[in-house]
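Accompanying notes for the structure given below.
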Amino acid sequence: MKKTLLILASAALIISCQQQPADQIRLTGTITNADTLVLKFMEGQKTDTLAKAADGTFTYEKVAAKPVSGYLNVGKKYLQVYLIPGKDLSVTVDYSNWDSTMVFGGKLKPIADYNAEKTKIMRAWSKGFMAVVVKEPADYRVSRDSLQTAYDALLLKYEAVKGFDAGYAKVEKLNLRFGQIMDMNQFSMMHQYYAKKDTVILPDNWKDLEKGIDLTDPTLAEVPAAMQYLTNYISEEAQKAAGLTGDVWGKPEFLVAKFDFIQKTFTNPDMVETFMFNDLGQQIDGNSTKGIDAQLAEYYALAKNQEQVAEIKKKASDWAAIMPGMPAPDMKVVDMQGVEYTLSQFKGKYIFIDFWATWCGPCKKEIPFLKKLYEDYQKKNIVIMSISVDQDKKEWEKMVTDEGFPWMQLHDGTKENDKYVVRYIPSFILIDREGKIIDPRAPNPSDARLREVLSSLEGI
């Protein structure tokens with residue numbers, strides 16, 4: 005083990021000594037025993053797949069005007085990463101022994117070490133989470149306050165470490181505060197679910213942590229937990245201001261309401277642009293550009309971040325390729341025996357596709373309705389198929405075997421679903437007999453509208 009750690013440390017030192025431009029973020033490293041796993045860097049809505057050499061080395065570089073907070077993902081492992089332009093970070097680790105072999109190098113080593121310790125504190129606290137979330141609000145507050153105290157003490161310790169970035173420390177203090185606020189705000193929902201209660205009465209001082217916060221402070225744009233808090237705040241307040249009720253997620257009128265609220269509430273142009281970009285990206289990812297032409301034009305008119313503009317245009321372009329009437333992209337997926345199937349081999353039949361995963365709660369809620377749909381349509385001119393996007397193929401195989409699903413079960417292990425812009429699951433697609441798309445986001449099986457659509461199809 006000592007020899008392994010020395011080798012990893014040496015690699016980190018060598019990598020960290022390379023020159024770096026002042027406007028560039030750089031993450032380099034070596035991940036061993038992960039030959040078949042895909043390496044990704046996740047920043048907000050954006051995910052970059054990183055090239056990994058045969059020896060496990062990788063480099064992630066790009067020009068950035070400000071720090072970037074994200075995650076390095078390989079297989080089932082995630083590493084929180086904070087990158088600052090002009091300062092490098094290197095990481096070396098053995099995938100098969102993740103925690104005990106992690107070694108950081110470069111100018112950002114103190115921040116990486118801090119986040120690694122913070123993660124350990126969070127994991128330790130999380131072990132008792134289920135026991136405390138079902139207790140009374142006051143008990144949860146005591147437990148969550150203890151976590152906050154541990155976080156604050158850790159940050160204070162690292163602020164004294166040479167090379168610990170002062171700008172990061174300022175952002176992290178806010179991040180810790182908003183992280184606690186978010187946890188407190190989510191307690192009611194979690195308590196009701198796990199304690200199986202219809203209501204929960206919170207103490208009068210429950211939201212005291214939110215007092216005195218300047219929601220228009222531009223610094224908050226650099227704070228991940230604050231941005232999450234503000235995103236929720238915008239959604240809640242915009243819905244109330246517009247008088248929208250029921251399930252409004254993905255509806256164009258909800259995006260209109262959010263754009264209106266954002267521009268009335270926030271005065272900092274960068275924050276306005278950031279919130280509009282996030283909400284617009286989420287809307288397009290889930291429901292295409294249908295009904296939001298005015299919001300697209302509004303965003304393009306004020307946006308100054310050309311990288312984000314290009315990202316929105318790419319999202320819109322991806323959807324344009326799969327709108328109703330367009331040829332359905334062919335794809336190759338496999339069944340449990342490894343037999344390969346393509347959509348083109350079912351030409352002449354309607355196809356109803358369900359993209360799902362074993363870990364997805366909303367997906368599993370649709371299963372009884374999907375089963376009934378299959379029972380009612382199995383003798384008709386339509387193929388009903390569920391395509392799993394599980395990374396762990398064995399989990400999918402186990403569930404399909406245990407449940408004995410009678411309709412076609414396939415697995416997508418090569419991201420074929422990207423052709424259909426699957427960013428959220430479950431996602432349902434309906435294709436006609438000529439291989440053209442009828443609906444790139446068909447109604448769920450639990451939605452009565454699906455039966456209406458299917459019954460109207462000629463020759464089904």
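Take 5 as the starting number for the sequence shown in my numbering and just add one per residue. Glycine included, every Cβ here is placed at the ideal spot set by N, Cα and C.
>> For tyrosine 198, count the other beta carbons within 10 Å of its own beta carbon; 16 or more makes it buried, fewer makes it exposed. Which is it?
In response: Working through the sequence shown from its first residue, we reach residue 198 at position 194. Tyrosine 198 should be labelled exposed.
> Hey, proline 114 and tyrosine 162 are a contact pair by Cβ (cut 8 angstroms); roughly how many whole angstroms apart?
Replying inline: Against the sequence shown, residue 114 aligns to sequence position 110. Against the sequence shown, residue 162 aligns to sequence position 158. Contact between proline 114 and tyrosine 162 holds: CB atoms are separated by about 6 angstroms, below the 8 angstroms threshold.
> Got a sec? Which residues, its chain only, sit under 7 angstroms from lysine 7 by beta carbon, not counting five neighbours each side?
Replying inline: Taking the first residue of the sequence shown as 1, we reach residue 7 at position 3. Residue placement at lysine 7 is poorly supported in this model, since its pLDDT is 42, which falls under 50; the coordinates still yield a value, given next. The answer is none, since no qualifying residue turns up.
> Where does leucine 10 land, buried or exposed, given buried means 16+ other C-beta within 10 angstroms?
Replying inline: Mapped onto the sequence shown, residue 10 falls at position 6. Reliability fails at leucine 10, whose pLDDT of 41 lies under 50, so the model's placement of it is uncertain and no value is given.
> Mapping DSSP to helix, strand and coil, what is phenylalanine 359?
Replying inline: Sequence index remark: in the sequence shown, residue 359 carries index 355 (1-based). Strand, per DSSP.
>> For glutamine 287 and glycine 254, which I take to be in contact (beta-carbon distance under 8 angstroms), what is that distance rounded to the nearest angstrom?
In response: Here residue 287 corresponds to residue number 283 of the sequence shown, with the count starting at 1. Here residue 254 corresponds to residue number 250 of the sequence shown, with the count starting at 1. The pair is a contact, with the Cβ atoms about 7 angstroms apart (cut-off 8 angstroms).
>> Let me make sure I understand the geometry here. Which of Asn119, Leu54, Leu347 and Arg445 has the alpha-carbon closest to that of valine 387?
In response: Looking up residue 387 in the sequence shown gives position 383. Residue Leu347 is the option with its Cα nearest to valine 387.
>> Is tyrosine 118 a contact residue of the ligand FAD, with contact defined as CB to any heavy atom under 7 angstroms?
In response: The ligand content of the structure shown is nil, which means the ligand FAD is not present either.
>> Between tyrosine 424 and isoleucine 355, how many whole angstroms is the CB-CB distance? I'm expecting something under 8 angstroms.
In response: As a working mapping, residue 424 is identified with position 420 in the sequence shown. As a working mapping, residue 355 is identified with position 351 in the sequence shown. 12 angstroms between Cβ atoms; not a contact.
> For the segment 149-198, which segments carrying the alpha helix (DSSP H) assignment without a break, of at least 4 residues, lie completely within its bounds, in sequence order?
Replying inline: Correct list: 170-198.
> How would you write the range of the alpha helix (DSSP H) that lysine 398 sits in, first residue to last?
Replying inline: Walking along the sequence shown from the start, residue 398 turns up at place 394. Its alpha helix (DSSP H) spans residues 397-407.
>> If distances are taken between C-alpha atoms only, which option among Ala230, Ser147, Thr220 and Leu151 comes closest to glutamate 176?
In response: The sequence position of residue 176 within the sequence shown is 172, counting from 1. Comparing Cα positions, the closest option is Ala230.
> With tyrosine 86 and serine 100 assumed to form a contact (beta carbons below 8 angstroms), what rounded beta-carbon distance in angstroms separates them?
Replying inline: Here the question's residue 86 lines up with position 82 in the sequence shown. Here the question's residue 100 lines up with position 96 in the sequence shown. Contact flag wrong, Cβ pair sits at about 26 angstroms.
>> Please list the terminal residues of the continuous beta strand (DSSP E) segment that includes leucine 248.
In response: The residue labelled residue 248 in the question sits at position 244 within the sequence shown. Per DSSP, leucine 248 belongs to no beta strand (DSSP E) and is neither H nor E.
> Counting pairs of beta carbons, one from the segment 336-353 and one from the segment 406-414, are three or more of them closer than 8 angstroms?
Replying inline: Enough Cβ pairs lie closer than 8 angstroms, so yes.
> How would you call arginine 453, buried or exposed, if buried means at least 16 neighbouring beta carbons within 10 angstroms?
Replying inline: In the sequence shown, counting from the first residue as 1, residue 453 sits at position 449. Exposed is the label assigned to arginine 453, since fewer than 16 other Cβ atoms lie within 10 Å of its Cβ.
> Using 8 angstroms as the Cβ pair cut-off and three pairs as the minimum, do the segment 397-405 and the segment 425-437 touch?
Replying inline: Below 8 angstroms, too few C-beta pairs join the segment 397-405 and the segment 425-437 to call them touching: fewer than three.
> Quick one: what's got a C-beta closer than 6 angstroms to glutamine 152's C-beta in the same chain, skipping five residues either side?
Replying inline: Looking up residue 152 in the sequence shown gives position 148. Apart from sequence neighbours up to five positions away, the residues of its chain that approach glutamine 152 with a beta-carbon distance below 6 angstroms are Gln184, ordered along the chain.
> What is the DSSP secondary structure of isoleucine 18, counted as helix, strand or coil?
Replying inline: In the sequence shown, counting from the first residue as 1, residue 18 sits at position 14. Residue placement at isoleucine 18 is flagged as unreliable, the pLDDT there being 46, under the threshold of 50; a coordinate-derived value is accordingly withheld.
> CB phenylalanine 62 to CB threonine 36, shorter than 8 angstroms?
Replying inline: The count along the sequence shown starts at 1 and reaches residue 62 at position 58. The count along the sequence shown starts at 1 and reaches residue 36 at position 32. The answer is no: Cβ separation not under 8 angstroms.
> By DSSP, does glutamine 312 sit in helix, in strand, or in coil?
Replying inline: Translated into positions along the sequence shown, residue 312 becomes position 308. DSSP places glutamine 312 within a helical segment (H, G or I) once states are collapsed to three.
> On the three-state DSSP scale, how would you describe isoleucine 435?
Replying inline: As a position in the sequence shown, residue 435 is number 431, starting the count at 1. It is a strand residue.
> Looking only at its own chain, which residues have a Cβ that is under 8 angstroms from the Cβ of alanine 245, when we skip the five neighbours before and after it?
Replying inline: By one-based count along the sequence shown, residue 245 stands at place 241. Once the five neighbours on either side are set aside, the close Cβ partners of alanine 245 are Ala261, Asp264 and Phe265.
> Is the segment 303-318 touching the segment 264-280, taking contact as three or more C-beta pairs under 8 angstroms?
Replying inline: Yes: the two stretches touch, three or more of their Cβ pairs being nearer than 8 angstroms.
>> Report the start-end ranges of each alpha helix (DSSP H) in the segment 28-77 that is 4 residues or longer and not cut off at the edges.
In response: Taking only runs of at least 4 residues, no alpha helix (DSSP H) segment lies wholly in the segment 28-77.
> Is isoleucine 296 near lysine 384, with beta carbons less than 8 angstroms apart?
Replying inline: Along the sequence shown, one-based indexing puts residue 296 at 292. Along the sequence shown, one-based indexing puts residue 384 at 380. For the pair isoleucine 296 and lysine 384, the CB atoms are not nearer than the 8 angstroms cut-off.
> Which class does valine 95 belong to by DSSP, given the choice of helix, strand or coil?
Replying inline: Indexing the sequence shown from 1 puts residue 95 at position 91. Secondary structure of valine 95 (DSSP, three-state): strand.
>> Buried or exposed, going by whether 16 or more other CB atoms sit within 10 Å of the CB of aspartate 436?
In response: Position 432 of the sequence shown, counting from 1, holds the residue named residue 436. By the C-beta density criterion, aspartate 436 is buried, having at least 16 other C-beta atoms within 10 angstroms.
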